[in-house]
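Presented below is the structure to which this report refers.
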Amino acid sequence: MLRQTLQTAGRAVSRELSGRYRIIYLIAVVEALFCFIFPGLVNDDYDTWTYFDTWKFYFLSRPETFIDSYRTPVYPLFMSLTSLDGLLPLTSIAFAQWIVFILVIPWFRRLAHMLVRSESITFWMTLFYVAYWGVIDVNYWIRTESLSQSFLILFVYHTIRAMRKPKKKSLVWSAFWLLILVFLRPAFLYLPPIYIAVCLYIMARNRRKGLMGLLGASVVCGIIYGYAAAFEHRHGFFAISDVSDYNNYYRLVQYDIIDASCFPSYLLPAMTNTDSVPGDTIWTYNIPSWIHHTTDFHEGVNANISKHKDEFAYATLWTFPSFWRCRANQCQYLYWPVGMMLTLGMDTAAILVMIYLAVAILSMIRYRQVMPVPLLIGGIWIAQGIVVWVGAYWNFDRLMTPVFPMLILIFGQLCSFCTKTRSAREVFTPC
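This is how it looks when you write it as structure tokens:
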């Protein structure tokens with residue numbers, strides 16, 4: 017049995033490395049080895065060390081320690097395993113991210129081919145995915161963006177497979193990657209409602225398979241709910257992370273709508289600095305971590321937003337120009353400054369998505385047929401954009417990088433549509 021499995025795996029690897037795709041894997045391997053050849057490419061920031069700090073407090077004998085107030089467990093565990101509990105340098109974590117990226121390339125290629133049904137377009141989409149500096153740069157950062165891109169591709173691949181031919185295996189895998197994504201990055205909480213909509217679509221075509229999909233979605237939602245309930249028991253409020261509290265606090269301070277009366281007096285000395293002018297208080301952005309992990313801080317931020325909801329809504333709207341002008345993916349250091357100038361702007365990306373959805377919707381009206389693939393891919397990108405714009409206070413370009421592969425798929429489908437060799441129905445319905 018083992019021998020047969022190894023032979024099957026060997027044949028699959030041989031097929032992947034055959035023909036012109038060999039150059040794509042060679043490029044990816046060289047990029048991965050750069051972690052050791054040029055270790056200066058590997059980058060970390062404040063977020064990186066919060067994940068390190070999180071795993072240091074994990075204890076197998078105490079399961080409640082895995083319910084951290086700031087970070088969900090997937091990435092801290094990944095960092096711990098790939099660095100051998102901190103014995104290896106950051107380059108080992110970056111190299112592990114590259115390994116995951118390389119292992120997902122076949123699924124990206126299959127997903128692309130499923131959508132465009134053209135070997136030529138599929139090849140160029142895959143090459144762009146591997147060689148584009150914005151994607152490369154993400155894999156050198158010790159943050160969740162790299163794994164988010166890879167795991168999102170796996171989720172979308174299995175979800176579209178489930179829509180095309182509802183099978184138990186595809187439904188199980190898509191539910192699994194959905195769960196991993198949510199606990200890798202809490203901002204992905206918009207994915208379960210999207211997945212439930214997919215399951216309802218499947219149920220309209222195949223009742224039994226649709227119910228199986230909904231069962232998987234229910235299990236995922238149940239685990240999320242159970243984690244949030246345990247979080248409430250340990251930290252005092254119902255959530256899976258308190259990162260949004262800090263983001264909201266930053267926005268309150270940034271737009272000068274922070275209200276001291278909303279916070280307990282014992283927190284204020286650590287949240288403010290006294291200027292040289294007696295009695296002149298300045299609110300600080302970098303508050304100690306113990307503060308924004310408290311229930312009092314959480315309740316104070318929410319009370320502040322409720323008390324000044326109009327001003328807070330205005331402040332959120334005021335950030336939209338910054339969001340619209342940022343990059344659709346981040347390239348901070350690699351190929352600087354050329355790489356940053358050539359990364360896709362958010363405005364261009366948004367227009368591309370709107371054109372894509374407009375063409376798809378017009379096609380659905382024309383053929384009187386629901387075409388869920390463009391709604392899924394475009395919906396994921398738009399949902400991520402809304403979450404990033406509403407929930408973050410800056411770094412919009414970095415926070416949009418997890419869904420950048422969706423833009424490649426969207427552009428590939430539009431290219432397939434413009435070749436005029438297939439009808440819109442064929443383009444937007446997976447093979």
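Sequence positions in the sequence shown follow the numbering used here and run 17 to 447. Every residue gets a Cβ at the ideal spot worked out from N, C-alpha and C, and that includes glycine. Values in this document were obtained by computation on a predicted structure and should not be read as measured data.
Restricted to the segment 138-188, the alpha helix (DSSP H) segments that are unbroken, complete and at least 4 residues in length are 149-155, 161-180, listed in chain order. In the displayed model, F313 falls within a helix according to three-state DSSP.
For the 7 Å CB-CB criterion, A110 and V58 form a contact. Membership of Q270 in the alpha helix (DSSP H) is indicated by the continuous run 259-270. A straight-line Cα-Cα distance of about 27 Å links L194 and Y62.
Going by DSSP, D326 is part of the alpha helix (DSSP H) stretching over 325-334. Distances from the alpha-carbon of E327 to those of N264, F433, I169 put N264 closest. I298 has N289 as its beta-bridge partners, per DSSP.
Contact annotation: A399 and A365 have beta-carbon atoms that are not nearer than 7 Å. Three or more Cβ pairs drawn from the segment 150-157 and the segment 41-60 lie within less than 8 Å of each other, which places the two stretches in contact. The segment 296-314 makes no contact with the segment 235-243, as fewer than three CB pairs between them are under 8 Å.
Here N318 carries a helix assignment [DSSP, helix/strand/coil]. Take the alpha-carbon of I121 and the one of V146: they are about 8 Å apart. The criterion of a C-beta distance shorter than 7 Å is satisfied by I273 and H324.
Taking the CA atoms as reference points, V172 sits about 16 Å from T142.
For L106, the uninterrupted alpha helix (DSSP H) run begins and ends at 106-132, by DSSP.
For R36, the secondary structure class from DSSP, reduced to helix, strand or coil, is coil. Under the three-state reduction of DSSP output, R201 falls in the coil class, being neither helix nor strand.
If you look at R87, you'll find it isn't in any alpha helix (DSSP H); DSSP assigns it neither H nor E. With contacts defined as CB atoms closer than 7 Å, V369 and G394 qualify as a contacting pair. For F75, the three-state secondary structure derived from DSSP is strand.
Between C278 and G316, the CB-CB gap stays under 7 Å.
In this structure, the beta-carbon distance from S134 to S338 does not fall below 7 Å.
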